[in-house]
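Participant:
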Amino acid sequence: MIVVSDRDSLDERMVALDAGAADAVGWTDNLPEVVARVAGLLRRSRIAAGQLGEGELRIDLIDRRVERAGRLIRLPLREYDLLTNLARVPDHPVSRDTLLRAVWRIDFDPGTNRVEVHMSRLRAKVDRGFDWPMLHTVKGMGYALRSRPE
């Protein structure tokens with residue numbers, strides 16, 4: 001639950017948070033920030049329920065099942081791990097180094113193209129045969145999962 005208060009009082013927000021609210025914002029807060037907070041809360045609640053996904057992509061974290069537009073996509077473990085890492089922060093780039101740490105547990109650049117190879121394979125499964133690509137390379141930043149067409 002997010003509490004939206006008509007007063008901009010820090011004390012009132014603290015009372016709401018202490019009472020169990022997930023977040024508390026003042027009515028005068030920036031509307032885009034409030035929308036982002038609500039989206040983040042919804043995303044966290046889906047993760048807690050064992051689901052990830054944006055738009056037409058659905059990932060069941062318990063059964064390790066991936067669907068796009070209702071079509072089942074079978075993924076090996078590394079590709080599944082890549083996809084879930086990207087899906088946890090939709091529409092935001094994830095660096096190659098972050099993916100190496102999260103998927104391969106490597107804290108240094110091994111000088112190989114393993115991330116690129118696995119991303120290519122993942123793209124072939126997640127994007128091929130659909131109207132628009134979800135997986136994107138963000139030059140100089142890494143990779144991103146887009147939740148809707150650009």
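In full-length UniProt numbering, the protein residues as written are 1 to 150. By construction, the Cβ of each residue, glycine as well, lies at the ideal position given by its N, Cα and C atoms.
1) Can you tell me whether Val89 is buried or exposed? The criterion is at least 16 other CB atoms within 10 Å of its CB, across all chains shown.
2) Threshold first: 4 residues or longer. Then list the alpha helix (DSSP H) segments lying entirely within the UniProt domain "OmpR/PhoB-type" (49-147), N to C.
3) Which of helix, strand or coil does DSSP assign to Ala39?
4) Once DSSP output is grouped into helix, strand and coil, what is the label at Pro149?
5) For a quick check, are the C-beta atoms of residue 151 and His136 less than 9 Å apart?
6) May I have the straight-line CA-CA distance separating Ala69 from Ala39, to the nearest angstrom?
7) Quick check: the Cα distance between Leu100 and Asp11, rounded to an integer number of angstroms?
8) Nearest to Asp127 by CA position, among Arg105, Leu83 and Met14, is which residue?
9) Taking all protein chains shown into account, do 16 or more other C-beta atoms lie within 10 angstroms of the C-beta of residue 158, making it buried, or fewer, making it exposed?
10) Using 9 Å as the threshold, is the C-beta distance between Trp132 and Pro110 below it?
11) What I want to know is whether the C-beta of Asp91 ends up closer than 8 Å to one or more non-hydrogen atoms of the ligand SAM.
Facilitator: On the basis of the data shown:
1) The residue in question, Val89, is exposed, as its Cβ has fewer than 16 Cβ neighbours within 10 Å.
2) 77-87, 96-99 and 114-126
3) helix
4) coil
5) For residue 151 there is no data in the structure shown, the boundaries of the chain being 1 and 150.
6) 21 Å
7) 43 Å
8) Leu83
9) Coverage of the chain is limited to positions 1 through 150, which leaves residue 158 absent and any answer about it impossible.
10) no
11) Of ligands this structure carries none, so the ligand SAM is not represented either.
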